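Q: In my numbering, the protein residues as written are 840 to 1376.
Cβ atoms here follow ideal geometry from the backbone N, Cα and C, with glycine treated the same way.
Computed from a predicted structure; not experimentally measured.
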């Protein structure tokens, strides 16, 4: 069934791009990673289910959305097309101006031709067909990059290039930086900054800086098939990194990776990278940088010169074209800057905790063994199941530690969690010094102190049955033979081994837990009637 080809996260992205971004089915298909027929399928099902607005979809969890959408094959969709033809002959217009006007949103050759006919009046002698033909001849004289027509505010192209060298001021070690380049399609207005690598975090951070540099967001962001943003490069099903996709949703842009082995898809950014290498890297090639901040400050100065320089074909600078064409059409920045978040899958352990960054975080206990998604920022950890958040914690840097919420625990666990090691030890101290010391040893012997609460409380409760004096003697004997367990003390008192004539008799050996099977075994340590090795010599 077509709807099952995508995850529910990507199905929701289809509807976001359709309702919020008004993207075509082809653009949605390439951004999400599926065929156009699949996108058409989802949109048809949504309309049939009455899901005509995004907030109606957001209110449903994954299972409810699956039920609403159904999996019936939609009726065939027939596309129609029309071809416009006009008479020819017209006075030659100023083609660079026509090419510039074509970059404005919604402007077509038909519109420009009609405006030109009106301005020329009786002098107009060329029809629409020849108008288009002369324009095509003009564009063929331009470079491959200039030849493409991009609407204002429609697309921004991004890519990496090898950057400058950064030297460690202490060790003298040098490392090559990476130069992130982004250029707007209509005006070629360019942004560039250096980063230490091409990690997902650096890739996303450079996008955030680029949008802030432009003071707006393009409708479509076109990256190359870089591993930082695209997990799986494919014309039909490119798989975007989850953090990259989330950043795009935050800024309201559509990620549309360039097609594999289609150089003209990324000709704009490749030309921008080439220009950045000539006007930025070449100018700074002899400068030595010891900090990334200083390097980006120098890059910014060169970038300003690049954007202010007039381009020969249009006799205007990138900055001039940006103000005229791209800037008015860019979408406004959101009120808050995107906070980078890392996503990963995790399975809930039997102790109702998931592990992220060598730390354990609790989720509601009824989700044990389920596969969940973890969203981690610098300060928070969020856990999602089928698109719904089921847990949220403050991020901890304590290795192998536990962060547990009381409401996530079963009732009997919650009761025990109200106790602390100091509280248990305080109760033991009221019986005597030996009992207190024994409880401390039990808590210390456990990987997590909570695992020793039950044994410590069991020893304390023996005082009601046997009295303080006898329990103190049993605890002293347990410390003497290093038998740190509740069972040793209970058996010691049950068998009245604290009687005066038995105090120095052989004591029950301490228990040993087999690390493989978990079975309790008897240790030979402490048995005074066992013959030693010297007996046989």
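1) Kindly identify the DSSP beta-bridge partner or partners of residue 1195.
2) What do you get for residue 1334, buried or exposed, if any count of 16 or more other CB atoms within 10 angstroms of its CB means buried?
3) Could you please give the first and the last residue of the uninterrupted beta strand (DSSP E) stretch that includes residue 1031?
4) Using the C-alpha atoms, what's the distance from residue 875 back to residue 867?
5) Per DSSP, which residues does residue 1083 bridge with? Please list them.
6) Run through the region 1104-1130 for me and flag every whole alpha helix (DSSP H) of 4 or more residues, listed as ranges in chain order.
7) What residue from 1214, 952 and 1211 has the CA that sits closest to residue 966's CA?
8) Would you mind sorting residue 852 into buried or exposed? The rule is 16 or more other CB atoms within 10 Å of its CB.
9) Am I right that residue 1273 and residue 1215 are in contact with their C-beta atoms under 8 Å? What's the rounded C-beta distance?
10) Quick check on the DSSP output: the alpha helix (DSSP H) that includes residue 1325 runs from which residue to which?
11) Does DSSP put residue 966 in a helix, in a strand, or in coil?
12) Please confirm if the region 1014-1032 is in contact with the region 1149-1163, defined as three or more CB-CB distances below 8 Å between the two stretches.
13) Decide if residue 1147 is buried, meaning its Cβ has at least 16 other Cβ atoms within 10 Å, or exposed.
14) So the alpha helix (DSSP H) residue 905 belongs to, where does it begin and stop?
15) How is the alpha helix (DSSP H) around residue 896 delimited, first residue to last?
16) Quick one, which of 1137, 1003 and 997 has its alpha-carbon nearest residue 1042's?
17) When you compare only the Cα positions, how much space is there between residue 892 and residue 974?
18) Any contact of the region 1225-1235 with the region 1182-1192, i.e. 3+ C-beta pairs under 8 Å?
19) Look at the Cβ atom of residue 1211, then the Cβ atom of residue 1218, and state whether they are nearer than 7 Å.
20) Could you give the distance in angstroms between the alpha-carbon of residue 1329 and the alpha-carbon of residue 1298?
21) For residue 870, I'd like the list of residues in its chain whose CB is within less than 6 Å of its CB, leaving aside the five on either flank, ordered along the chain.
22) Using the C-alpha atoms, what's the distance from residue 1278 back to residue 1322?
23) State the Cα-Cα distance for the pair residue 849 and residue 1224, rounded to the nearest angstrom.
24) Please identify the residue among 1137, 1226 and 1250 whose C-alpha is closest to the C-alpha of residue 1124.
25) Going by the beta-carbon positions, is the gap between residue 1267 and residue 1280 smaller than 7 Å?
26) Is residue 794 helix, strand or coil when you go by DSSP?
27) Around the Cβ of residue 1152, are there at least 16 other Cβ atoms within 10 angstroms (buried) or fewer (exposed)?
28) Should the region 998-1016 be called in touch with the region 1171-1180, which here means at least 3 C-beta pairs below 8 Å?
29) Which residues does DSSP list as the beta-bridge partners of residue 1023?
30) Quick check on DSSP: helix, strand or coil for residue 1336?
31) Cα separation between residue 1111 and residue 1142?
32) Report all residues from its chain with a CB closer than 7 Å to the CB of residue 1036; omit the five preceding and five following residues, and keep chain order.
33) Using CA coordinates, which residue listed in 861, 1117, 1200 and 1057 is at the minimum distance from residue 1168?
34) Is the CB-CB distance between residue 1165 and residue 1023 below 7 Å?
35) Going along the chain, which residues of its own chain have a beta-carbon closer than 7 Å to the beta-carbon of residue 1089, five neighbours each way excluded?
36) Taking the alpha carbon of residue 1039 as the reference point, which residue from 1019, 1052 and 1106 has its own alpha carbon closest?
A: A quick look at the data gives this:
1) If you number the chain shown from 1, residue 1195 lands on position 356. Per DSSP, the beta-bridge partners of residue 1195 are 1198.
2) Taking the chain shown and counting its residues from 1, the one referred to as residue 1334 is at position 495. Taking every protein chain shown into account, the CB of residue 1334 has fewer than 16 other CB atoms within 10 angstroms, so this residue is exposed.
3) Locating residue 1031 in the chain shown gives position 192, where the first residue counts as 1. For residue 1031, the enclosing beta strand (DSSP E) starts and ends at 1029-1034.
4) Counting from one through the chain shown, the residue named residue 867 turns up at place 28. Counting from one through the chain shown, the residue named residue 875 turns up at place 36. Taking the straight line from one Cα to the other gives about 8 Å.
5) Mapped onto the chain shown, residue 1083 falls at position 244. Beta-bridge pairing links residue 1083 to no other residue.
6) Those alpha helix (DSSP H) runs which fall completely within the region 1104-1130 and span 4+ residues are 1106-1115.
7) Working through the chain shown from its first residue, we reach residue 966 at position 127. Considering only alpha carbons, the answer is 952.
8) The residue labelled residue 852 in the question sits at position 13 within the chain shown. Buried is the call here.
9) Translated into positions along the chain shown, residue 1273 becomes position 434. Translated into positions along the chain shown, residue 1215 becomes position 376. Their Cβ separation, rounded to whole angstroms, is 46 Å, which puts residue 1273 and residue 1215 out of contact at 8 Å.
10) Here residue 1325 refers to the residue found at position 486 of the chain shown. For residue 1325, the enclosing alpha helix (DSSP H) covers residues 1325-1333.
11) Taking the chain shown and counting its residues from 1, one reaches residue 966 at position 127. DSSP places residue 966 within a strand segment (E or B) once states are collapsed to three.
12) Because the criterion of three Cβ pairs below 8 Å is met, the region 1014-1032 and the region 1149-1163 touch.
13) Along the chain shown, read from residue 1 onward, the residue named residue 1147 stands at position 308. By the C-beta density criterion, residue 1147 is exposed, having fewer than 16 other C-beta atoms within 10 angstroms.
14) Here the question's residue 905 lines up with position 66 in the chain shown. Note, residue 905: alpha helix (DSSP H), 901-908.
15) As a working mapping, residue 896 is identified with position 57 in the chain shown. Start and end: 893-897.
16) Here residue 1042 is taken as the residue at index 203 of the chain shown, counted from 1. Measuring from the Cα of residue 1042, the nearest candidate turns out to be 997.
17) Residue numbering aside, residue 892 sits at position 53 when the chain shown is read from its first letter. Residue numbering aside, residue 974 sits at position 135 when the chain shown is read from its first letter. Distance between the alpha carbons of residue 892 and residue 974: 42 Å.
18) At 8 Å Cβ cutoff, the stretches do not touch.
19) For the purposes of this step, residue 1211 is taken as residue 372 along the chain shown, with counting starting at 1. For the purposes of this step, residue 1218 is taken as residue 379 along the chain shown, with counting starting at 1. Cβ atoms of residue 1211 and residue 1218: not closer than 7 Å.
20) The residue given as residue 1329 occupies position 490 in the chain shown. The residue given as residue 1298 occupies position 459 in the chain shown. Spanning the two alpha carbons is a distance of roughly 8 Å.
21) In the chain shown, the residue the question calls residue 870 occupies position 31. The residues are 1093, 1094 and 1095.
22) Sequence index remark: in the chain shown, residue 1322 carries index 483 (1-based). Sequence index remark: in the chain shown, residue 1278 carries index 439 (1-based). For residue 1322 and residue 1278, the distance between alpha carbons rounds to 11 Å.
23) Here the question's residue 849 lines up with position 10 in the chain shown. Here the question's residue 1224 lines up with position 385 in the chain shown. Roughly 15 Å between the two C-alpha positions.
24) Within the chain shown, numbered from 1, the residue matching residue 1124 stands at position 285. When only C-alpha atoms are compared, the closest one is 1137.
25) Walking along the chain shown from the start, residue 1267 turns up at place 428. Walking along the chain shown from the start, residue 1280 turns up at place 441. It is not a contact, given that the beta carbons lie outside the stated cut-off.
26) The structure shown does not extend to residue 794, since the chain is modelled only from 840 through 1376, so no value can be given for it.
27) Looking up residue 1152 in the chain shown gives position 313. Exposed.
28) Between the region 998-1016 and the region 1171-1180, the count of C-beta pairs closer than 8 Å stays below three; the two stretches do not touch.
29) Residue 1023 sits at position 184 when you count from the first residue of the chain shown. 995.
30) Reading the chain shown from its first residue, position 497 is the one you call residue 1336. In this structure, residue 1336 counts as coil in the three-state DSSP scheme.
31) Position 272 of the chain shown, counting from 1, holds the residue named residue 1111. Position 303 of the chain shown, counting from 1, holds the residue named residue 1142. Separation of residue 1111 and residue 1142 (C-alpha to C-alpha, rounded to the nearest whole angstrom) is 11 Å.
32) Here residue 1036 corresponds to residue number 197 of the chain shown, with the count starting at 1. Around residue 1036: 1017.
33) Numbered from its first residue, the chain shown carries residue 1168 at position 329. Of the candidates 861, 1117, 1200 and 1057, 1057 places its Cα closest to the Cα of residue 1168.
34) Start at 1 with the first residue of the chain shown, and residue 1165 comes out as number 326. Start at 1 with the first residue of the chain shown, and residue 1023 comes out as number 184. Against a cut-off of 7 Å, the Cβ pair of residue 1023 and residue 1165 comes out as a contact.
35) Here residue 1089 refers to the residue found at position 250 of the chain shown. The beta carbon of residue 1089 is closer than 7 Å to those of 1173 and 1177 in its chain, skipping five residues each way along the sequence.
36) Along the chain shown, one-based indexing puts residue 1039 at 200. Of the candidates 1019, 1052 and 1106, the one whose C-alpha sits nearest the C-alpha of residue 1039 is 1019.
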